[in-house]
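Last residue of the sequence shown: 249 in the working numbering, with the numbers rising by one and none dropped.
Even glycine gets a Cβ: it sits at the ideal position worked out from N, Cα and C.
Okay, so here's the structure we're looking at.
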Amino acid sequence: MKLLRRGELGYETPLVEIDGVLYDASPVGDFGPEFWASGGVRKLSELVEKGRLTAVNIDDNIRYGSPVATTSAVICIGQNYAAHAAESGAEPPKSPIVFLKTPNTIAGPNDTVTIARGSLKTDWEVELGIIIGSTAAYCDSLEDAAQHIGGYVLANDLSERAFQLEVSGGQWSKGKCSPGYMPLGPWIVTADEFNPADVRLRSWVNGESRQDSRTADMIFSCAEIVRDLSQYMQLEPGDVISTGTPQG
């Protein structure tokens with residue numbers, strides 16, 4: 002199923018698309034940590050099967066909000082594509098490189114982004130995002146880690162490179178945390194309907210192609226990332242993990 006939110010900022014309606022039909026998901030609640038922690042995907046499936054969700058039609062002009070209503074963490078992985086690492090002049094990392102973004106960086110996929118004050122080097126990065134579906138700590142195997150993935154989302158990890166690299170003291174988050182610097186969506190695809198192993202990722206800037214690659218070039222798979230992170234932090238339902246960007 003696809004989980005999406007439509008409406009003006011702060012007034013989005015949670016929706017679910019199943020077999021091409023769009024339903025109002027409000028009876029189960031918005032797509033934040035409580036939705037995932039309470040088995041929201043299962044509840045939606047059950048309500049649709051029982052005919053207890055209302056089918057809706059949404060005007061194409063209605064805004065897409067972020068499919069993530071709220072989250073406790075936005076965790077990002079750096080240099081996770083072999084070609085991107087080579088492009089950066091870096092050796093492929095032996096373990097995932099981790100940095101954080103603040104939750105207020107999350108925005109809708111088509112929202113206007115305000116460039117950070119003083120920015121000279123704002124940049125773009127298309128990425129595959131993970132939505133954590135259940136609490137994950139000390140995962141012992143890739144199979145265990147994969148069970149904690151609730152869904153996947155398209156992400157744009159916007160950055161201010163001068164802030165990130167020139168005044169950061171070696172920590173990247175200064176260049177990553179301007180409000181709106183993490184557009185997500187337009188929807189989350191639940192994990193049962195998506196294979197992240199070889200997905201095409203593309204980005205354009207002003208209509209010009211800038212990135213065109215596949216997740217098969219990832220150094221660490223989605224399950225490997227979740228397993229690794231779970232050794233150092235407890236991942237909570239609704240957490241967002243952005244898995245790195247390809248070259249370009």
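Query: Rounded C-alpha distance that separates alanine 163 from glutamate 47; Result: 49 Å
Query: Stretch pair the stretch 39–46 + the stretch 62–82: three plus CB contacts closer than 8 Å; Result: no
Query: Buried/exposed call for tyrosine 233, threshold 16 Cβ in 10 Å; Result: exposed
Query: Exposure label - tryptophan 205; buried when at least 16 CB within 10 Å; Result: exposed
Query: Bridge partners - glycine 79, DSSP secondary structure assignment; Result: Ile98
Query: Stretch pair the stretch 129–146 + the stretch 90–97: three plus CB contacts closer than 8 Å; Result: no
Query: Inter-residue spacing [alpha-carbon to alpha-carbon] between glutamate 161 and threonine 113; Result: 16 Å
Query: Run of the beta strand (DSSP E) containing tryptophan 205, from where it starts to where it stops; Result: 201–206
Query: Reference isoleucine 131, options Val154, Gly33 and Glu209, closest by Cα; Result: Val154
Query: Through-space distance from valine 49 to serine 243, alpha-carbon basis; Result: 30 Å
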